[in-house]
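Chains as they are written, first to last, in numbering that gives the first Met the number 0: chain A, 0 to 405; chain B, 0 to 405. As structure tokens, the structure follows; a few thoughts come after it.
Protein chains: 2
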Amino acid sequence: MDIKRQESYAELIVKKGVNVQEGQKVVIRADIGSAPFVRIVAKAAYDAGASQVIMNWADEVITRMNYLRADAEVFKSIEPWRVQFFKDYDDAGACFINIISDDPDLLAGVEPERIKNAAKATGIGLAEHRRLTMGNHVRWTIAGVPSPAWAAKVFPNLPEAGAVEALWEKIIESSRVHQDALATWEAHDKVFKEKVEFLNKAAFKQLSFKNSLGTDITMELPQGHFWKGGSAPDTKGVDFFPNIPTEEVFTLPNCHTANGRVVASMPLTYNGVTIENFELTFKDGKVVAYKAEKNEAALASILELDEGAGMLGEIALVPYKSPISEMKLLFNCTLYDENASCHFALGKAYPMIHGYEDLPKDEALKRGVNESITHVDFMFGTADMEITGITAEGKEVVVFAGGNWA
Amino acid sequence: MDIKRQESYAELIVKKGVNVQEGQKVVIRADIGSAPFVRIVAKAAYDAGASQVIMNWADEVITRMNYLRADAEVFKSIEPWRVQFFKDYDDAGACFINIISDDPDLLAGVEPERIKNAAKATGIGLAEHRRLTMGNHVRWTIAGVPSPAWAAKVFPNLPEAGAVEALWEKIIESSRVHQDALATWEAHDKVFKEKVEFLNKAAFKQLSFKNSLGTDITMELPQGHFWKGGSAPDTKGVDFFPNIPTEEVFTLPNCHTANGRVVASMPLTYNGVTIENFELTFKDGKVVAYKAEKNEAALASILELDEGAGMLGEIALVPYKSPISEMKLLFNCTLYDENASCHFALGKAYPMIHGYEDLPKDEALKRGVNESITHVDFMFGTADMEITGITAEGKEVVVFAGGNWA
């Protein structure tokens, strides 16, 4: 990808993604293989006024080696310094950029117990940082950059350099960087605001989802919930885009109320394992049955993480007619794939109910805020998705018809 | 460099360098550019029984960017997580491998105040870890791997790939990996043991150094001092080699006793700045005058770090006839260059006096143990170096004559 476009993309990440403020620290997590692009992001951060760029490097080759060869005990806890790392920069008011380039098969063949233990230990250890990010106390963003392994998975028939370049093109296009990126994103954001305003005004009590694939599920929305999409303000009122790209408008369900069946419309890659053709059946919020044609054990490992992992934590609406959806490309990466389709998440909710900060924990849970240690998106949107809302007065409103906004 | 030799070198680092024990954690610090070799080291660590490999990556491009562009305040303190990082692994009984590949010009043009502040903050923040490493409570080793920038500095007339390969050859040769590395190092270690035994038996009260370059200095050795060279046991009796390569036999001077003048015989590269043709004059242990033909300010910044930085902390004897010396090559890297020549260090001493652990701090200082936060080696050995020892009984013994062991 030519440097100019990479620079535009980096500027988008820095200015719209985390919206770096003068004098702010910027923490960047990335794989060492992405260094050439990451350095462009670091430069953009300084150009935007950052006081310091802190790198949090990973090397997926050694990450995989560790998963395969380290002592099993290692995965059951998280070292104090890793907790302190996030505390230091949360306390300093830093923003967090996550540049992802993961090989979708990174953890293939790793003992699932290790992955589960690591996810659990990290979830517990970094719970406070997760609370701050999910509650928008800190600004953060996730964006992708191709790695050879990821590109090979998406374009298996191309040679390495060709696959990387092709994935770069798709990332740039889906991230709307092909034209003046900052202006494009401002226009993009306006559309989100219209949809969010409509949904917040409607203040639906219940939503139901139905399609020909077999999804037929209803759930209530918590009292005082609100929807978001596009940019969001942090708790100090500074706007940021947590995901680049983003096409979704989302809120949380009352996690105790889902009833029915949801059939995934796309595979889910979780810790290097691709779960295919799966479905979940819910009763009073809880998964009471599940099956998957491929890698059912990985699906089970998600559901078993904790109580909230077997309940929903997010409802996200994405029109079937959207740039990523129209690419008809499986990115094998949630950041992109979730923006191709309506999706739910299992696990922790973004606490999008008014007054959440002042609610006692048990009251929030009673209202249906899922407090799991995990958060895993999965897609269920289709071209014939029908979504119906029921207002507090019992009025039915068609939200999606034929896969798109009604 | 062919993979087989890289594997031998990695095995040497793991088995002789830190001597990884079954179930031990291994921390590796390296630049991301060295990843291909570092992964070989990580694999060797697991093959030797490591329970976990923990990476501490740096990227010199972003390190330099930070030095040039971050807020000046950033360098005045060290984040708590960096202290915690070493505490976690010191507490866990880990060993530490440092793979260096630094661009000698990395910090060229950086405001010296920033470098000085960072060195000071790191020295203070990591004082406990430094105490544990210098006191052999933990096993650690330093070894080198070429980077294009370093190789270009050493072989400025070769194209990039050729320079890297040439530097690899010199590293492999100077590290004695060209033959069966483990056996070669066992034989190498025996020679050290003979010299160490001679010096420890002699138990010199005073040493004097004289050559035609103008060096003419005497200093006392602390009561109860001992010499080391080659492998050293950690405090639990497990042998390790702190440096690969190593050609030196060393101890500490009584830091209050140096009198005379020492003229450097090789340039000193300190934080990216090369100090050339310099000399120091000592009175009662303290530098009372100094000059350098080039980069005198950098020399001054070392001396000003703290009180101990202007006093000696190490005496190291290296014969003029040794493999690295005979290469007649300036590596621009202390790890190699210090093994080409007799050298002193300014700053912190390895506390090599019997019973040090039980000595009160003020008593150790009185005996002459330098407790600075820094430790900087500089070379003064020449082909006509004469070193004379004086025993407690006042007997004169020639230690070096004509640059070599007498």
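Here a beta-carbon is modelled for each residue, glycine too, at the ideal position from N, C-alpha and C. Note that the structure is predicted; figures quoted are calculated from it, not measured.
Distance CB(residue i)-CB(residue j) smaller than 8 Å
i                 : j                 : result
Tyr289 of chain A : Glu278 of chain A : yes
Leu206 of chain A : Val368 of chain A : no
Leu334 of chain B : Gly143 of chain B : yes
Ala308 of chain A : Val272 of chain A : no
Gly236 of chain B : Thr140 of chain B : no
Pro147 of chain A : Glu164 of chain A : no
Gly388 of chain B : Val375 of chain B : no
Phe175 of chain A : Trp167 of chain A : Here residue 175 of chain A is Arg; the residue named in the question, Phe, does not match the sequence. Not closer than 8 Å, so no.
Lys194 of chain B : Trp56 of chain B  : no
Ser173 of chain B : Ser100 of chain B : no
Met378 of chain A : Ala348 of chain A : no
Phe249 of chain A : Ala315 of chain A : yes
Glu362 of chain A : Val317 of chain A : no
Ile216 of chain B : Asn258 of chain B : yes
Met64 of chain B  : Tyr45 of chain A  : yes
Gly354 of chain A : Ala382 of chain A : no
Ala69 of chain A  : Ser50 of chain B  : yes
Cutoff 8 Å: residue i Cβ touching any chain B Cβ
i                 : result
Met0 of chain A   : no
Ile99 of chain A  : no
Ala34 of chain A  : yes
Val286 of chain A : no
Val52 of chain A  : yes
Lys42 of chain A  : yes
Asp58 of chain A  : yes
Arg138 of chain A : no
Tyr45 of chain A  : yes
Arg28 of chain A  : no
Arg38 of chain A  : yes
Classification of residue i by the beta-carbon crowding that lies within 10 angstroms, buried from 16 upward
i                 : result
Gly161 of chain B : exposed
Asn276 of chain B : exposed
Asp102 of chain A : buried
Gln222 of chain A : exposed
Ser371 of chain A : buried
Ile40 of chain B  : The sequence shown places Val at residue 40 of chain B, not Ile. Buried, because 16 or more other Cβ atoms sit within 10 Å of the Cβ of Val40 of chain B.
Val82 of chain B  : buried
Gly213 of chain B : exposed
Gly228 of chain A : buried
Glu283 of chain B : The residue you asked about is not Glu; residue 283 of chain B is Asp in the sequence shown. Classification of Asp283 of chain B: exposed, given that the 10 Å Cβ count is below 16.
Val429 of chain A : Any question about residue 429 of chain A goes unanswered here, given that chain A covers just 0 to 405.
Ala107 of chain A : exposed
Pro244 of chain A : buried
Gln23 of chain B  : buried
C-beta neighbour in chain A for residue i, strict 8 Å
i                : result
Ile12 of chain B : no
Ile31 of chain B : yes
Beta-bridge pairing of residue i - partner residues as DSSP gives them
i                 : result
Ile114 of chain A : BP columns for Ile114 of chain A are empty, so no partner.
Ser207 of chain B : B:Thr217 and B:Thr387
Asn55 of chain A  : A:Arg28
Thr256 of chain A : Beta-bridge pairing links Thr256 of chain A to no other residue.
Thr273 of chain A : A:Thr268
His342 of chain A : A:Ala315 and A:Met378
Asp233 of chain A : DSSP, once it has assigned bridges, lists no residue as partnering Asp233 of chain A.
Gly400 of chain B : Checking the sequence shown, residue 400 of chain B turns out to be Ala, not Gly. For Ala400 of chain B, which the question treats as bridged, DSSP gives the partners B:Asn403.
Ala160 of chain A : Looking at the DSSP assignment, Ala160 of chain A forms no beta bridge with any residue, so it has no partner.
Thr140 of chain B : B:Ile96
Tyr45 of chain B  : Answer is none; Tyr45 of chain B lacks a bridge partner.
Check: residue i C-beta below 7 Å from any heavy atom of the ligand GTP
i                 : result
Pro147 of chain A : Of the ligands one can find in the structure shown there are none, so the ligand GTP has no counterpart to examine.
When you check each C-beta in the segment 60 to 91 of chain A against every C-beta of chain B, which residues fall closer than 7 Å?
Sequence-ordered contacts of the segment 60 to 91 of chain A with chain B read Val60, Ile61, Met64, Asn65, Arg68, Ala69, Asp70, Val73, Glu78, Pro79, Trp80, Gln83, Phe84 and Asp87 [C-beta pairs closer than 7 Å].
Got a sec: which bits of the segment 164 to 191 of chain A sit with their beta carbon under 8 Å from any beta carbon on chain B, in order along the chain?
Using a CB distance below 8 Å, no part of the segment 164 to 191 of chain A faces chain B.
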